[in-house]
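In the numbering used here, each residue carries its 1-based index in the sequence shown increased by 157.
Note that the Cβ used here is the ideal one computed from N, Cα and C, for glycine as well.
The structure displayed is predicted, hence computed values, not measured ones.
In what follows, a structure is listed as structure tokens, so that the remarks can point back to it.
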Amino acid sequence: DANRVKHGVAKPVRDLAKARADKDARDTDAHKLDKDGE
158 DANRVKHGVA
168 KPVRDLAKAR
178 ADKDARDTDA
188 HKLDKDGE
């Protein structure tokens with residue numbers, strides 16, 4: 158409950174957002190590596 162007051166978002170939602178951010182970062186890194194490798 159303290160976290161909800163502090164962040165305004167339930168923990169599972171934050172975890173999901175973090176997972177998406179991590180995936181986006183990995184996808185971006187993969188594209189960068191592909192470009193550098195050409």
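For Val-170, name the three-state secondary structure that DSSP assigns. It is helical.
In angstroms, rounded to a whole number, what distance separates the CA positions of Val-166 and Lys-189? CA-to-CA, the gap between Val-166 and Lys-189 works out to about 32 Å.
In whole angstroms, what separates the C-alpha of Thr-185 from that of Pro-169? Using only the alpha carbons, I get a separation of about 24 Å.
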